[in-house]
Amino acid sequence: MVAGDTVLPVGERPRRVADLAAAVRELEARRPRWVWADTRDTYPGLLRAGVRVSRCHDVALTEALLLAREGRFGEPRSARAAHARLHGLPVPDDEPGAPDTLFPPESLGAEQMAEVLAGQLARIEALPEPGRFRLLAAAESAGALIAAEMSHDGMPWREDVHDALLTELLGPRPVHGMRPAKLQALAHEVSAAFGHPVNPDSVQQLVKAFKQAGVSLSSTRSWELKRVEHPAVAPLLAYKELARLFSFHGWTWADQWVRGGRFRPEYVVGGVVSGRWATSGGGALQIPKVMRRVVVADEGHTLVVADAAQLEPRVLAAMAGDVGLARAAGEIDLYSALAQAFGGDRDHAKIAMLSAMYGGTSGDAPKLLAIMRQRFPKAYQFVEDAAKAGEEGRLVRSWLGRTSPPPSSRWKELVSGPEGGRAARDRGRFTRNFVVQATAAEWALAMMAVLRGLLPEGAALVFFQHDEVMVHCGLDQAEEVGAAVASAAAQATRLLFGATPVRIPMEAVAVASYADAK
DNA sequence: AAAATGTGCGCC
DNA sequence: AAAGGGCGCACATTTT
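Terminal number for the first sequence in numbering that gives the first Met the number 0: 517, no gaps in between.
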């Protein structure tokens with residue numbers, strides 16, 4: 000079934016419809032998988048018309064995944080581009096979609112779309128693991144639906160609580176272009192400590208002022224400042240923290256992103272090469288923890304918040320098929336279960352795992368990695384192989400087949416030059432991490448897709464951050480939603496990895512305010 | 001004047 | 001406690 004300029008139920012004649020939202024609503028009763036060019040262009044309008052669909056195939060997202068899988072990273076991914084490639088025609092660049100139109104005029108007709116779909120399905124079938132890639136495309140497409148729905152529904156955001164918090168920390172809202180009182184006072188303190196005016200936002204001025212005071216700094220990063228004994232340090236650190244809050248999540252930000260008690264960020268599905276989501280506005284994935292108290296459930300409602308603890312090491316255990324690690328990953332606290340192998344020290348187990356996944360080399364890492372290599376050889380080898388592939392300029396893939404971008408042409412020059420070793424190691428750390436992070440991201444997508452289907456009427460996913468979800472629902476639904484989260488996590492693990500001793504538990508808590516979730 | 005780059009830090 | 005991988009964004013500064 001294709002939604003384009005026309006609606007085309009498979010096996011039936013395409014038909015033009017006057018009211019597309021109504022037609023989609025009617026056909027949705029058959030629970031089809033809607034195929035459309037780009038969820039971002041089509042779905043927001045349907046949502047505004049009060050129509051939701053349960054499944055879709057997003058041609059653009061699937062095309063991007065396939066192109067990368069075929070080693071053609073970065074080529075235009077639109078349905079039109081895919082159609083042009085099929086016919087050897089000039090391939091148009093991707094352009095921003097046409098918002099506020101249900102079906103953008105430049106999208107393909109139904110028959111052309113069917114052609115593109117058939118091509119994509121054939122390319123998937125030709126892969127060595129078509130089942131996995133089908134799951135990847137389905138999960139990515141479900142993500143697109145969820146992202147649009149979350150932007151539409153918004154996360155509860157109490158503007159009055161936000162204003163009170165800002166006022167408490169910064170002073171009253173200043174007139175445009177001015178610093179809030181407490182920020183201004185801290186700026187004065189910094190200048191006073193140096194004995195002359197210094198702009199605390201200027202790295203240059205700060206480094207110079209510290210140098211004149213006999214303190215040499217290579218940067219003004221807070222961890223470096225904390226080592227310095229100087230009266231300007233304390234007010235400067237306080238200034239930096241509050242200035243960030245003011246400019247990043249202050250009143251101006253709220254004016255732009257909060258409406259009617261809802262924060263509506265724009266999510267970019269697959270915006271990170273690893274398959275994690277990004278945001279193109281609103282900074283939804285970087286909300287400071289201090290702001291969480293502003294996220295409050297509506298009257299008579301609650302927020303069910305859940306995160307997948309220790310997701311990445313669990314995913315590694317499942318992927319690598321490492322029996323020892325998988326056994327530990329069957330426990331609630333993976334690191335405690337590993338501690339015995341690392342002299343009974345949970346922290347050592349954690350450092351070893353993180354160093355293996357991120358390529359850490361400092362501190363105790365080498366010693367602990369040697370233990371890991373001995374005790375969990377398959378898991379160790381799995382990430383080592385990924386790192387080696389990166390160092391040699393090869394591509395790596397996630398469990399379901401998301402493919403890392405190739406190294407840049409600059410990298411290839413660099414790697415044969417005098418600093419080549421460093422460039423190669425950097426690339427190795429990237430690919431080492433990619434296989435784990437990307438698989439964790441697709442587990443999270445699969446989990447959310449399942450969860451979305453399990454949620455009762457009236458419950459809505461309102462936030463997603465890498466391995467954490469938030470559902471806004473009625474107080475009396477909290478228990479059912481919590482059970483749905485646990486079930487979705489278990490189903491996602493089985494969907495990706497089949498029979499495995501690895502567990503990826505998600506424990507949900509129902510809270511009135513996000514701040515109470517941890 | 002506008003675009004590009006650098007810095008720093010929030011989140012996972 | 002940080003490390004170490006991934007981002008987005010604002011502000012300052014430099015380049016065009």
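The beta-carbon is built from N, C-alpha and C at its ideal position, and this holds for glycine as well.
The Cβ neighbour count for residue 269, taken over all protein chains shown within 10 Å, is at least 16; the residue is labelled buried. Taking C-beta atoms under 8 Å as the contact rule, residue 433 and residue 407 fail to qualify, at a distance of about 15 Å.
With contacts defined as CB atoms closer than 7 Å, residue 366 and residue 320 fail to qualify as a contacting pair. Ranked by how close their Cα comes to the Cα of residue 18, the residues 44, 295, 150 have 44 in first place. The beta carbon of residue 480 lies closer than 6 Å to those of 303, 458, 470, 472 in the same chain, with the five residues before and after it left out. Contact check between the stretch 239-257 and the stretch 157-168: three or more CB pairs, one atom from each, fall below 8 Å, which counts as touching. Residue 402 sits in a strand when the DSSP states are folded into three classes.
Closest option to residue 94, judged by alpha-carbon separation, among 119, 72, 40, 152: 40. The stretch 141-159 and the stretch 62-74 do not touch, with fewer than three beta-carbon pairs separated by less than 8 Å.
Residue 178 and residue 198 have their C-alpha atoms roughly 12 Å apart. Residue 51 has its alpha-carbon roughly 22 Å from the corresponding atom of residue 116. With contacts defined as CB atoms closer than 7 Å, residue 430 and residue 392 fail to qualify as a contacting pair.
Taking a contact to require three or more Cβ pairs closer than 8 Å, the stretch 287-294 and the stretch 306-325 do not qualify as touching. Residue nearest to residue 382 within the set 363, 361, 428, 421 is 428 (criterion: CA-CA distance). DSSP places residue 381 inside the alpha helix (DSSP H), whose first and last residues are 376-390. Between residue 395 and residue 315 a beta carbon distance of about 13 Å is seen, past the 8 Å cut, so the two are scored as non-contacting.
The DSSP-derived three-state label of residue 72 is coil. Per the Cβ contact rule, the stretch 129-146 is not in contact with the stretch 202-218 (fewer than 3 Cβ pairs under 8 Å). With distances taken between CA atoms, residue 333 lies nearest to 500 out of 447, 500, 359, 478. Here residue 36 is buried, its C-beta having at least 16 other C-beta atoms within 10 Å. DSSP places residue 33 in the strand class (E or B) of the three-state scheme. Only residues of its own chain outside the window of five on either side were considered, and among them 139, 140, 143, 268, 269 have a CB closer than 7 Å to the CB of residue 60, listed in chain order.
Under the three-state reduction of DSSP, residue 56 is assigned to strand. One thing to note: residue 474 has its Cβ within 7 Å of the Cβ of residue 299.
For residue 400 against residue 68, the beta-carbon gap comes to about 6 Å, under 8 Å, which counts as contact. Here the stretch 498-515 makes no contact with the stretch 340-354; the two share fewer than three CB pairs at distances below 8 Å.
Checking the DSSP bridge columns, you'll see residue 300 partnered with 473.
Looking at the DSSP output, residue 393 shares a beta bridge with no other residue.
Looking at the DSSP output, residue 167 shares a beta bridge with no other residue.
Unbroken alpha helix (DSSP H) runs of no fewer than 4 residues, entirely contained in the stretch 262-348, are found at 310-319, 322-327, 333-338, following chain order.
Where residue 185 is concerned, the enclosing alpha helix (DSSP H) starts and stops at 180-193. For residue 131, the secondary structure class from DSSP, reduced to helix, strand or coil, is helix. Taken atom to atom, the span from the alpha-carbon of residue 283 to that of residue 208 is near 35 Å.
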